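Have a look at the structure below, then the notes.
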């Protein structure tokens, strides 16, 4: 049975496969009609369905998944899919973003409402407790601080306070006087709320362990003021934590998913839904959003708790330093948006697949004639120019088929013409080859003769060129000699001028030296006179020194005589002492003058000796200057003679340069003529060589043309016309 099924499938594939690529939809439609003719194998009709499924899968496998990324169909399908997908993606992203923003704002608003209600309800409850306690503490029964009056009054008002929360009164020493729950009286002196109440403050404590029940409770306390306006006790009330919990849980039951935290200004929780032990242990909460809530009192923020993002809203609770905080998971708030994104992604992906599959089928069907054109082009490329395309379509592809047929017809005509022309070309190339060979041989002979002539003329030109170069070197040497002599003449002129100036300077030097000689002689005489004068001054200072010594002796004798005279000679003794001092000063002054005169005499003697040496040197300088002047006169005369000889040499070298240039010009003319002759001969030889080369090229070209003609004939024979 399996063999029959396989054989039947092969027959069906042979019948339908050739037309499936060009018209797959029509082929599948015919296949459905043909299904009724399928045989029944062993009476089981379900084989028909099984066979048809196998055959469809085989066809789709051979057709659908043979995708070439470079084909027009694939590119067009991808382009169409992108054009459709991009707007859908952008629109989906925009609406998703708007939805997420709306849901985010709605979640924040709902969170604000929840925390507002928590803060409002707890604040209202505390305000009512506060009002009750303040009114109660101001009554005369309470202010009297008598146990009977307190018991009667508090028992009457207890129902108005509500619940089973106890009221109590305590004195200023902390001892309780009365409790409405009739439990043991305790001392509350150490409680913070008691101390604040004694200071006249109405306050609500943080959760504390009750000394009576040992349960967590909040204590409200107000001062009891006596007639003298002094605090004489406090009125307190227990606020059960259970009542606060019930109030919060009632609100949470109406708003599932939210989490509530109530904490004081020290971030110690009063109600902590996530961890009730933190309330019992008075554990400080360190999360950043709790710090922000305590600092800002009211607002919104985002926070991370247990690796999950939360919307956070916080509000202050009136009449307390408490903060109510509400949190809501961001994931739950935006879950609908996430679901929408997921569904949109699935829908877009499904649309992409539908567009790709449908577009691939439609485009391949539309471009099927292009495949026929490609196959026809392959046939023509293989050399069959008799192949034509059917142009039953009336669109652009039909026009392309008609143009393809016209092109094939033109190629067929061209190939036939080429066949005819190739024979003529082959015959002509044979004739041209023989003629070009004869021309090449003659050109080679002419080229050799002209080359010999050009070589001889070239040797002559080289000799002439050598002569011209030698003359040019001679001219250059003569020019260099002339320039050197001119430079020598110029240098001689400069030396003559410098010598004349030097002779004049030496003459002036001789005159100046004569003047210096006279001045030195006068100065020597002056120094000699100065020495004589200093000797006379030395003699005078010696006399003054002797006088000073005598005066000093006289003053000493006068002082001795005055001392002998006693009181009567005291005045004379003073005068004698002054005279003695003057004599000593005169002696010192004359000693200094003698030292100065000795130095002057010594320096005058040295100056006189130096003047004598200078006088001798000046005389030698005068003699040398006179000798130099005579030498400069001889130098000036010699330079004048050299200058005359240099001028004569300049004239002669200029004549020599002129004659050399005329000879060089004549040789240059000869060289030019020889060069022209050589160039002409070379041009003739080059033309002959070019002609021979051209003949060789013609021969080579004709040979190649013959070869190409044979190849062209062979190629043309490959075409079927």
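In my numbering, the protein residues as written are 1 to 721. Ideal Cβ positions, reconstructed from N, Cα and C, are used throughout, including at glycine. Keep in mind that this is a model prediction, so the values were computed, not measured.
For the putative contact between residue i and residue j, defined by C-beta atoms under 8 Å, what is the C-beta separation to the nearest angstrom?
| i | j | result |
| --- | --- | --- |
| residue 316 | residue 119 | 7 Å |
| residue 123 | residue 318 | 4 Å |
| residue 237 | residue 129 | 6 Å |
| residue 521 | residue 590 | Rounded, the Cβ-Cβ distance is 35 Å, inconsistent with contact. |
| residue 218 | residue 170 | In fact, because the Cβ distance is near 17 Å, the residues do not count as touching under 8 Å. |
| residue 294 | residue 271 | With 8 Å as the limit, residue 294 and residue 271 do not qualify as a contact, their Cβ atoms being about 15 Å apart. |
| residue 157 | residue 197 | Going by Cβ atoms, the distance from residue 157 to residue 197 rounds to 19 Å, so no, they are not a contact pair. |
| residue 276 | residue 259 | Not quite, the Cβ-Cβ distance comes to about 13 Å (not below 8 Å), so this is no contact. |
| residue 376 | residue 404 | 6 Å |
| residue 341 | residue 96 | 5 Å |
Can you name, in chain order, every residue of its own chain whose Cβ lies under 7 Å from the Cβ of residue i, other than the five neighbours on each side?
| i | result |
| --- | --- |
| residue 594 | 538, 541 |
| residue 232 | 145, 172, 224, 226 |
| residue 154 | 167, 178, 180 |
| residue 576 | 555, 558, 559, 562 |
| residue 320 | 126, 204 |
| residue 626 | 510 |
| residue 131 | none |
| residue 136 | 142, 157, 235 |
| residue 328 | 107, 111, 257, 258, 310, 311 |
| residue 620 | none |
| residue 586 | 544, 548 |
| residue 134 | 202, 222 |
| residue 2 | Residue confidence is low: residue 2 scores 48 on pLDDT, short of 50, so the model does not pin down where it sits. Its coordinate-derived value is still stated next. Same-chain partners within the cutoff: there are none. |
| residue 486 | 650 |
Just to confirm my understanding: we take residue i, look at its own chain, exclude 5 residues before and 5 after, and list those with CB closer than 6 Å. What are they?
| i | result |
| --- | --- |
| residue 309 | 330 |
| residue 181 | 166 |
| residue 324 | 115, 118, 119, 262, 315, 317 |
| residue 264 | 206, 321, 322 |
| residue 255 | 114 |
| residue 187 | 174, 175 |
| residue 743 | Because the chain is modelled from 1 through 721, residue 743 falls outside the range shown and cannot be assessed. |
| residue 189 | 174 |
CB-CB under 8 Å to residue i, same chain, minus the five flanking residues each way: which ones, in chain order?
| i | result |
| --- | --- |
| residue 93 | none |
| residue 268 | 206, 282, 283, 284, 285 |
| residue 379 | 387 |
| residue 287 | 303, 305 |
| residue 279 | 207, 216, 241, 269, 270, 271, 272 |
| residue 245 | 271 |
Terminal residues of the continuous alpha helix (DSSP H) containing residue i?
| i | result |
| --- | --- |
| residue 248 | 241-254 |
| residue 143 | 140-143 |
| residue 280 | 277-280 |
| residue 293 | 288-296 |
Kindly identify the DSSP beta-bridge partner or partners of residue i.
| i | result |
| --- | --- |
| residue 236 | 168, 221 |
| residue 326 | 260, 313 |
| residue 271 | 262 |
| residue 231 | 225 |
Between which two residues does the beta strand (DSSP E) holding residue i run?
| i | result |
| --- | --- |
| residue 301 | 299-304 |
For residue i, is the beta carbon positioned less than 8 Å from some heavy atom of the ligand FMN?
| i | result |
| --- | --- |
| residue 555 | As presented, the structure is devoid of all ligands, the ligand FMN included, so that no description of it is given. |
Original post:
Curious, which full-length alpha helix (DSSP H) runs of at least 4 residues does the segment 148-228 contain?
Top reply: 192-198
Original post:
Where are the alpha helix (DSSP H) runs, 4 residues long or more, that stay fully inside the segment 90-145, in chain order?
Top reply: 140-143
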